[in-house]
Amino acid sequence: MPQSENIALHPCPTAHLHCCPIFLFFTMAGSSNGPANGAHVNMMTDTIIANLPPEGLRAVMRLILVSRPDVTPTFEAETRKYLGQGAATSLGARIHNLDMDGLKKAQQLIRCMLGSGIPFEGIPWLGKVAVRAANLAIELRAVDSAGAFALLASIDGDVVQAMTAVQKALFSQSGVRTMSIEEKDIVEQLFEALNSCQEVFRGAEYPYRRSTIATASTLGVPQPHLQFNDTASANIKEIVPPAKPSETFTLNGKQVPRIFSGLWQMSSPAWGPATTSKIIEQFSVHAQNGFTAFDMADHYGDAEIIFGQFRSYYPFKDALFTATKYCVFHPVTISRDAVHSNVTERCKRLQLDKLDLLQVHWQFYENPQYLDAIEYIMEDDRVGAVGLCNFDTAHLETVLNRGLRIYTNQVQFSLIDSRPTEQMGQVCERHGIKLITYGTLVRIAFLCG
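For the sequence shown, position 416 matches number 416 in the UniProt record's numbering, and the numbering has no gaps at all.
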């Protein structure tokens, strides 16, 4: 019989000491009345942890991590410790016999592995979950087809995020290291597991298109020829030229719509899963209604890959404007070769010879090598225009004083965050730089309740 109880999020024996170290950190650090009172406060804190609704506890944790990013490594380390103390050992050999509820619980543990920086420990389990879910979906297609295929779509998204976690794990001071033999073998086994599921779905839409292509990209092997469904293909082939947007602006000689379609939600299945065919259909809908500019990044899951697929099928390619990002979120030594390789990867994933806009997102201003990175990007003929992402006014001026031509700066802007209207707006106006804003409508909605 299928089992769901065999996969459980077992409570840690010392839950209030190991599972929520951040709360303890704050209570002890904030106490000025000695050890006894600190212990009393810790017990009261544990009462909060035990009684807050799950969504409330998540909200509090997120606020703590935002306000104190320095405790993020502790949070991730304690998560890994919790998983290593036995929370994940119940996955075992039972995966082949799990029902849908059991598979969903297994997903939770695997996602914790990916999020806490141990993707190569989670990927073997993920491959087994993918195979079991595929077989279960066929078994349940007459009973709960919608539920089964929703699970498949979420697993598809999990594999995409796993490949993003692998990329993050491979970052090094000199750029990106190659996978070890053991690491490559783990990813190859996942790739084989996904490919084995194609036979299961012969005659039906293959649900692991996104994950199979993302895994192939990580391994550096040719992308498998996995067509999306015939209806989606026919719809794209029969469309007429896209509508002209009501408002446009000029960017490096091109007329682009005032509203870009951002693909941040493809960075995580937490935003909701979708099949490749559904995503491509929605890209087409946006383009046909005049929203022909798309913005993404190298770490937005498989956004570049799926958009590249869409663009390859779209008959009016010249109407599309493609913006992506060169992001540095870890200490690195910049070299011309490393930057050139990154541009090559962007072009390969997007199936483009030339990028319309490449935006630089740099995390560590104390390392001035962002100036070298921008200069190397400008030297590359495969980049039409160079932009920035989340640069403040002072560092934007540093770039401009270096004599580097910048076309855009993407920043947060809304009714509750109008900082760009101050110094930033004046600098951009003087130098002909366009501000691309994000969070504008979302934060208005938040303000209105």
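Glycine included, every Cβ here is placed at the ideal spot set by N, Cα and C.
Local conformation of residue i per DSSP, three classes
i: TYR326; result: strand
i: GLY387; result: strand
i: SER418; result: coil
i: ALA243; result: coil
i: LEU320; result: coil
i: LEU109; result: helix
i: LEU83; result: helix
i: LEU98; result: strand
i: SER261; result: strand
i: HIS299; result: coil
i: PRO273; result: coil
i: CYS12; result: Low confidence applies to CYS12: its pLDDT is 40, below 50, so where it sits in the model is not reliable, and the reading given next is rough at best. Coil, per DSSP.
i: PHE307; result: helix
i: ARG430; result: helix
i: ARG334; result: Residue 334 is actually Ile in this sequence, not Arg. Note: ILE334 maps to coil in three-state DSSP.
i: GLY220; result: coil
i: ARG209; result: helix
i: LEU190; result: helix
i: GLU345; result: helix
i: PHE75; result: helix
i: ASN195; result: helix
i: ASN42; result: helix
i: SER145; result: helix
i: LEU152; result: helix
i: ASN367; result: coil
i: ALA204; result: coil
Range covered by the beta strand (DSSP E) that runs through residue i
i: ASP356; result: Run containing ASP356: none; DSSP gives neither H nor E here.
i: LYS254; result: 254-257
i: GLN288; result: No beta strand (DSSP E) contains GLN288, which is instead part of the alpha helix (DSSP H) from 276-288.
i: THR250; result: 248-251
i: ASP295; result: 293-295
i: THR408; result: 408-412
Limits of the alpha helix (DSSP H) - the one that residue i falls within
i: residue 464; result: As shown, the chain starts at 1 and ends at 449. That puts residue 464 outside it, with no answer to give.
i: LEU396; result: 393-401
i: PRO124; result: 119-140
i: ASP372; result: 370-379
i: LEU65; result: 54-67
Neighbourhood of residue i by C-beta distance below 6 Å, restricted to the same chain and skipping five residues each side
i: ASP295; result: PHE260, GLY262 and ALA323
i: MET266; result: TYR300, GLY301 and ALA303
i: LEU65; result: THR72
i: PHE413; result: PRO420, THR437 and THR440
i: ALA287; result: PRO242
i: ILE181; result: none
Check whether residue i and residue j have beta carbons under 7 Å apart
i: THR393; j: GLN423; result: yes
i: ALA148; j: PRO273; result: no
i: VAL129; j: LEU170; result: no
i: ALA165; j: ASP302; result: no
i: VAL360; j: LEU388; result: yes
i: VAL383; j: LEU352; result: no
i: VAL240; j: ALA193; result: no
i: VAL160; j: ARG210; result: yes
i: PRO289; j: ALA243; result: This sequence places Asn at residue 289; Pro is not what is there. Cβ distance < 7 Å, so ASN289 and ALA243 count as in contact.
i: ALA297; j: VAL256; result: no
i: ASP372; j: VAL343; result: no
i: TYR407; j: ASN252; result: yes
i: ASN367; j: PHE391; result: no
i: ILE374; j: LEU404; result: yes
i: TRP362; j: VAL328; result: yes
Own chain residues within Cβ distance below 8 Å of residue i, not counting five before or after
i: THR79; result: CYS112, GLY115 and SER116
i: GLN369; result: VAL332, THR333 and ILE334
i: residue 450; result: In this structure the chain extends from 1 to 449, so residue 450 is not present and cannot be described.
i: GLU188; result: LEU219
i: ILE186; result: PHE120, ILE123 and PRO124
i: CYS347; result: ASP353, LYS354, LEU355 and ARG382
i: ARG258; result: PRO245, GLU247, THR248 and PHE249
i: SER32; result: Unreliable placement is indicated for SER32, whose pLDDT of 44 sits below 50; no coordinate value is reported for it.
i: PHE307; result: LEU263, PHE283, PHE294, MET296, THR322 and LEU350
i: LYS184; result: LEU219
i: ALA385; result: LEU251, ASN252, ASP356, LEU357, LEU358, TYR407 and THR408
Contact set for residue i: own chain, Cβ-Cβ below 7 Å, skip 5 residues either direction
i: VAL427; result: THR393, LEU396 and GLU397
i: PRO133; result: Strictly speaking, residue 133 in this sequence is Ala, with Pro absent from that position. Contacts found: LEU103, LEU151, LEU152 and ILE155.
i: LEU126; result: ILE110, ASP158, VAL159, ALA162 and LEU190
i: PHE364; result: PRO331
i: GLU76; result: SER116 and GLY117
i: PHE316; result: PRO241 and PRO242
- Message: List, from N- to C-terminal side, the beta strand (DSSP E) runs of 3 residues or more that fit wholly inside the segment 164-188.
- Response: None, since the segment 164-188 contains no complete beta strand (DSSP E) of that length.
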